Amino acid sequence: MSSKYCFAIDRGGTFTDVYARCPNGKVRVMKLLSEDPANYKDAPTEGIRRILEQEIGKKLPKNEIIPTENIDWIRMGTTVATNALLERKGERMGLAITSGFRDLLYIGNQSRPNIFDLEIVCPDVLYEDVVEVEERIIPQQDVTEGEAMNNQWKVARSTTREGVLITKVLDEQKLQKDLKKLLNKGIGSLAVVLMHSYMYLEHEKRVGEIALALGFTHVSLSSVVIPMVKAVPRGLTACSDAYLTPCIKKYLKGFRSGFKDNLKGVNVLFMQSDGGLTQMDSFIGSRAILSGPAGGVVGYAMTTYKQFNKEPVIGFDMGGTSTDVSRFAGTYEHVFESTTAGVSIQAPQLDVNTVAAGGGSRLFFRSGMFVVGPDSAGAHPGPVCYRKNGYLAVTDANLALGRLLPQYFPKIFGPNEDEPLDKEGTLRAFQELTDEINTFREGADIMSLEEVAMGFVEVANEAMCRPIRALTQAKGHDTSQHILSVFGGAGAQHACAIARALGMHKVFVHKYAGILSAFGMALADVVHEVQEPCARRYETKNYPYIEERITALKEKCIETLQSKGFKRIEYELYLHMRYKGTDCALMCTALESTSQDHGKKFAYGDFKGAFLERYKNEFGFIIDDRPIIIDDIRVRGIGKSSVDVTEGCRPASGDPPVELETLVYFHGGYQSTKVYKLSNLCAGHIIPGPAIIKDQLSTILIEPDCHATITKQGDISIDVGSGPKFKVGKELDAIQLSIFSHRFMSLAEQMGRILQRTSISTNIKERLDFSCALFGPDGGLVSNAPHIPVHLGAMQEAVQYQRKVLGHKLQEGDVLLSNHPTAGGSHLPDLTVITPVFRKGRSADGPIFYVASRGHHADIGGITPGSMPPHSTSIHQEGAVFKSFKLVDRGVFKEEALIDALMAPGKIPGSSGTRNLHDNLSDLRAQVAANQKGIVLVNELIDYYGLDVVQAYMNHIQESAEMAVKDLLKVVSKRTLGEDGLVNLKAKEFMDDGSEICLNVCINSEEGTAVFDFSGTSHEVWGNCNAPRAITMSAIIYCLRCMVGYDVPLNQGCLNPIEIKIPPGSILAPSDEAAVVGGNVQTSQRVVDVILKAFKACAASQGCMNNVTFGDKDVGYYETVAGGAGAGPTWHGRSGIHSHMTNTRITDPEILEKRYPVVLQKFTLRRGTGGSGKYRGGDGVIRQLMFRRLLTMSILTERRVFAPYGMEGGECGAKGENYLVRRNGRIIRLPSKTSVDVEKGDVFLLHTPGGGGYGMVHDAPYELCIESPNKRQKHIERGSVYDFNKAQESV
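If you read the sequence shown in the numbering used here, its first letter stands for residue 34, the second for the next number, and so on.
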């Protein structure tokens, strides 16, 4: 035990938590406001001052330097970096990037954050200005030294010992001139991001030397910050480092200055995002984002996990605006690329999943549903009970139910921060909301105030269960087989209910749960990491090289930690491994046995076995005979801290002392509830529920049928009972409606996780191009996850077609396969697998519901690889066709018949059967497995609630969506109401070939119904831009959801108030034989344009997906490219972004150049192409590809003839353009849709369309992107679950 004071501090956004261990073993804990300028400059310094003053009994004036002779160590986590990133208050900085890529980080991966927002708001870039660096490195590929010499290129070796070509040497003179301009603007921090610098560092190194010599105070080189492939996330990481590190250094300088000799002689350590501590001078911005939350993960990992025989643990940290969820099962789970505050950061981070649900989450009643969040009341004004004219929030619900006791809270509320919690104000606000709900539910049973508050708590609990299920089941773990470790201020009020809902039987609340992040820092070890790229196969001949690099990195780690005084040093070795041809890399530690390949052992353990074991656990299979690639080698050195913080608790000698009894509302009414103080409880005390345990920092609710035991260490272990079962009836209950909405969505999400885990193709496993859905007994959509716009209405059409054609013939064990446009298909590569579900013993009654999954298969035959030919004129040229194919017949998988059908296109001259049979079969089996998971989950619901109740709520959910759309139509109709009570909206648009899409919308303002009549639309075309009816359905649902403006269940109900009239034989309802591949990717965008034009919602976005494919017999590549978004009534259009019916992420430039025979010469904004207006349309992009060998290139584009329209006087956006520049300089203008052979040295130049402007033009200066203040994100969502959901929306 130290003879001096030791401090562990978590400086959070609102509160700073302090854990202090005194020389006599006494423990002090403290919580104070992080910002309180009237009373102190810095919260951690003040916390240390107060404890030292109180313990040593000597006055330490606030404004004087604190003596350090009594301080052994200080460990700290801080949100300084996170807050600066969220609020965009970092250092003024510039970006130096390879010429031609000026806007690369602005465009990013080109996907928009929220697919249903017409006003696209992306986080601001961190840099103020850009310097384009004249230099270029490209992978050597098959270029010989002689060829390089002829082109005056230099051949060099990278750090991975791969060949690279220096095609343009660094122009130092121009660079110096440009950097001086940044300095003259007052910019002193610089991020440097050069193409392929992760493996060739020389140019970046030289840029850094020049910048520092010129006077830049801080330079972040991307090759040093994180030497990993992918220019965009590496560049964003370097920017975040240049933006945040100077802020951290300033904060550390200020922190040091509050102590004698700037803390000389005191061991000061800071928590990094990866859960390890580092020396104060090594603490940098890119590693500081999760500094605070990481302490909480270490805290429960070192306490809960060890106390419960190493059972896996879910960490549940519920705060004011958000909740952090994480998992520990013996090793820390890291992610290596994650998004925080809109910035992708490539750095080791604990997988902490943050969701927008906390004590401050606001409560709404919308379209008959109870809604919690994602909007937050924040700290200011906060919930109603804070006395600052705030909003009803989850905290208010707990207060109204008696679960929070105002007398135990400090008087820090109100405008002067000197009043208690306002329970009366909360009850008044709830009564108003209760009256509103009862008025809406006229004719139903009157709800009490308490029932309403309880309903919101239940909905909040269900919202928080979803990410926990996703986090565990994504990696093949059973959620119920975990302990729930609860910490943070609000979590313990919800813990028992959440554990019960998830099937967990144990909740653990550490005695320092209110400050567990600070306590975790006291337990953490010091970590030093080194990493470098590898790019080698894991095979015998490469063992010596890999072993040599591991040894070198290991020695570097040990040397660094030894220099910091550590004697007990451990290290962890990681290889970042993936199958060749996939992007799904796993960071693996070795199995204990040594790896043996053809008799030769790998010195550092069996990494291959570890990779295969983990891959099978996460994805359900392994790929035989596929080479394994090592992308990176990583060594994590650990200096063991040897800090002893074990504390005992005196044993109980009698019954636990009761403070008071109060009434708390649970299901069924108020119950008498005993209140205890944790400080008065002893080891062995058992507290039966219902009960409340109060400690200094949190309120722990022990629900009925649960009981708490005080452990030997003084912590709280809660055994969770099943609880009373309350019968839910078929009648509509607004609370159950919201809960079932979450359950149905969770069910579809879990189906998707199974599909992603068990599929094999890149399209489904990594691009996540799939949807899973649940349908009622009538085939109507109930829930769909996630929301890929073009799938929204289409899958319902597919299920209802099969029900109509085969309904009475279907039997238990049947599974159907369909992709035909007239059977609800979108285009042929999207294969839909449909499973009818029968109740056991009642198969004669027919299906009780349906589940379905739709996945995009990379190839199903046809006249071109990829099954997306730009010049097809018949559906049979586009691949295998399935209308009502029995994939499984009464439990038997019909593989032989399936293979015959997939190979059938090969019988057509010039066409081929599937070129990917193995992947097709594997992915279809995965889709069947996903459907089976859905069946199991729905049957669990039926077993619990009963079939009649589940089916009733399927209908209720649809009715809720119907109500939301009716409300929208009534609002729209008020703008242009005719004398007859009807509103007629009209619009037409032209495709590039002259085809018309016409729409007349007639709205009945009283009923809230509408007719969407596409009469006048042109006949189907001799080409492939014909769009099946299902595409139009999806476009209508998408547009309605965008115009509603808030989350509504996207299901059949959205279309119930809508009658859709499409003329048969038109481009929107083509014949059975029509080619349709372009309808899915192009015409769908133009249908959206027409609908939004009719409603005058906003100007046109680019109206195109800019489909580009190239390849030969050995390689194939497909991408869609961003353009400009349309402006609206109150916003400018975003530049360089995908819009409406697509949101596909684009391949990172370094991956593109490394894996494919092309060089990306330019990818930047096409400035000035957005339409002018009061609000300006977004700009398109310029994308320039040079081909490195003979290939075939195909393009499928629109808006090359007719420009994207402006609205209300705004001007049109610029049309797109396609050019081919032959190597001899000849320039050829290409049409919208074509296929052409390209030669080595040829360049394809793509100019994508801009968005239309909105409102009359004025003389306001043009700004690239103006963010609407009211659209700024109020909370951080992050973690692997969030990234998965965003990746899937990016399809």
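No residue lacks a Cβ here, since even glycine has one placed at the ideal position from N, Cα and C. Treat the numbers as computed from the prediction; the structure is a model and nothing was measured.
Let's see if you can read the secondary structure: which residues bound the beta strand (DSSP E) around R108?
Taken as a continuous stretch (DSSP letters only), the beta strand (DSSP E) holding R108 covers I104 to T111.
Mind checking which residues open and close the beta strand (DSSP E) that includes K597?
Unbroken run through K597: none, as it is neither H nor E.
Compare the Cα-Cα distances from I84 to each of M778, K634 and N103 and report the closest residue.
Of M778, K634 and N103, the residue nearest in Cα terms is N103.
Would you identify the three-state DSSP class for H740, choosing helix, strand or coil?
Correct three-state label for H740: strand.
With H, G and I counted as helix, E and B as strand and the rest as coil, what does DSSP make of K1307?
Residue confidence is low: K1307 scores 42 on pLDDT, short of 50, so the model does not pin down where it sits. No coordinate-derived value is stated.
Does D211 come out as helix, strand or coil in the three-state DSSP assignment?
Residue state, collapsed to three classes: helix.
Does chain D have any CB closer than 9 angstroms to the CB of S319?
Looking at the structure shown, chain D is missing, and only one protein chain is on hand.
Please state the DSSP three-state secondary structure of A1362.
It is not possible to answer for residue 1362, since the shown part of the chain is limited to 34 through 1324.
Would you tell me roughly how many angstroms separate the C-alpha atoms of E205 and E168, rounded to the nearest one?
Taking the straight line from one Cα to the other gives about 9 angstroms.
Where does the unbroken beta strand (DSSP E) through R44 begin, and where does it stop?
Where R44 is concerned, the enclosing beta strand (DSSP E) stretches over Y38 to R44.
Within 10 angstroms of the Cβ of S132, are there 16 or more other Cβ atoms? Answer buried if so, exposed if not.
Buried.
Can you find the residues in the same chain that come closer than 6 angstroms, C-beta to C-beta, to V2, ignoring five residues on each side of it along the sequence?
The structure shown does not extend to residue 2, since the chain is modelled only from 34 to 1324, so the question has no answer here.
Hey, E495 and A433 are a contact pair by Cβ (cut 8 angstroms); roughly how many whole angstroms apart?
Not quite, the Cβ-Cβ distance comes to about 19 angstroms (not below 8 angstroms), so this is no contact.
Tell me which same chain residues have a C-beta within less than 6 angstroms of the C-beta of I751, skipping the five on either side of it?
V540, C739 and A741.
DSSP on E603, reduced to helix/strand/coil?
DSSP places E603 in strand when its eight states are reduced to three.
Does DSSP put K201 in a helix, a strand or coil?
If DSSP states are grouped into helix, strand and coil, K201 belongs with the strands.
Might you give, ordered along the chain, the residues of its own chain that have their beta carbon closer than 6 angstroms to the beta carbon of V427, omitting 5 neighbours on each side?
Around V427: G392, S394 and A493.
Quickly, what does DSSP pair G895 with across the bridge? List them, please.
Partner(s): S945.
With a floor of 3 residues, list each beta strand (DSSP E) that falls wholly inside the segment 483–529, ordered by position along the chain.
Counting only runs of 3 or more, we get 516–520.
Within 10 angstroms of its Cβ, does Q209 collect 16 or more other Cβ (buried), or is it exposed?
Q209 is exposed by the Cβ-count criterion.
Assuming L788 contacts A963 under a Cβ cut-off of 8 angstroms, what Cβ separation, rounded to an integer in Å, is found between them?
With 8 angstroms as the limit, L788 and A963 qualify as a contact, their Cβ atoms being about 4 angstroms apart.
Please tell me whether L957 and T947 are closer than 9 angstroms, where the distance is taken between their beta carbons.
No. Outside cutoff.
Are there three or more Cβ pairs, one per stretch, closer than 8 angstroms when the segment 559–577 is compared with the segment 55–62?
The answer is no - the segment 55–62 does not touch the segment 559–577, with fewer than three Cβ pairs under 8 angstroms.
DSSP beta-bridge partners for F446?
The partner list for F446 (beta bridge, DSSP) reads E452.
L254 to D211, Cα distance in whole Å?
Between L254 and D211, the C-alpha separation is close to 17 angstroms.
Is there contact here, the segment 382–390 with the segment 584–600, by at least three beta-carbon pairs under 8 angstroms?
Not touching, per the Cβ criterion.
Measure the alpha-carbon distance for T1177 versus R1259 and round it to whole angstroms.
Taking the straight line from one Cα to the other gives about 32 angstroms.
So, using beta-carbon positions, are S1104 and E1053 closer together than 9 angstroms?
Yes; because the gap between Cβ atoms is below 9 angstroms, this pair is in contact.
On the three-pair Cβ rule with 8 angstroms, is the segment 685–693 touching the segment 706–715?
Contact between the segment 685–693 and the segment 706–715 is present, because at least three Cβ pairs lie under 8 angstroms.
Tell me which residues share the same chain as D981 and place their Cβ nearer than 7 angstroms to its Cβ, disregarding the 5 neighbours each side in the sequence.
Same-chain partners within the cutoff: K763.
Grab me the residues of M828's own chain with a C-beta within less than 6 angstroms of its C-beta, minus the 5 sequence neighbours each way, in chain order.
These residues qualify, in order along the chain: A806, A885 and R887.
Flag this pair as yes or no: are the beta carbons of I591 and K293 separated by less than 9 angstroms?
In this structure, K293 does not lie closer than 9 angstroms to I591 by Cβ.
Mapping DSSP to helix, strand and coil, what is Q1321?
Confidence at Q1321 is low in this model, with a pLDDT of 45, below 50, so its placement is unreliable and no value can be given for it.
Suppose you measure from the CA of G435 to the CA of F808; what does that come to, to the nearest Å?
Cα to Cα, the separation comes out at about 40 angstroms.
Using C-beta distances below 6 angstroms, list every residue in its chain close to C39, excluding the 5 sequence neighbours before and after it, in chain order.
Once the five neighbours on either side are set aside, the close Cβ partners of C39 are R54, D105 and W106.
The beta strand (DSSP E) that contains Y231, what's its start and end?
Careful: Y231 lies outside any beta strand (DSSP E) and carries neither H nor E.
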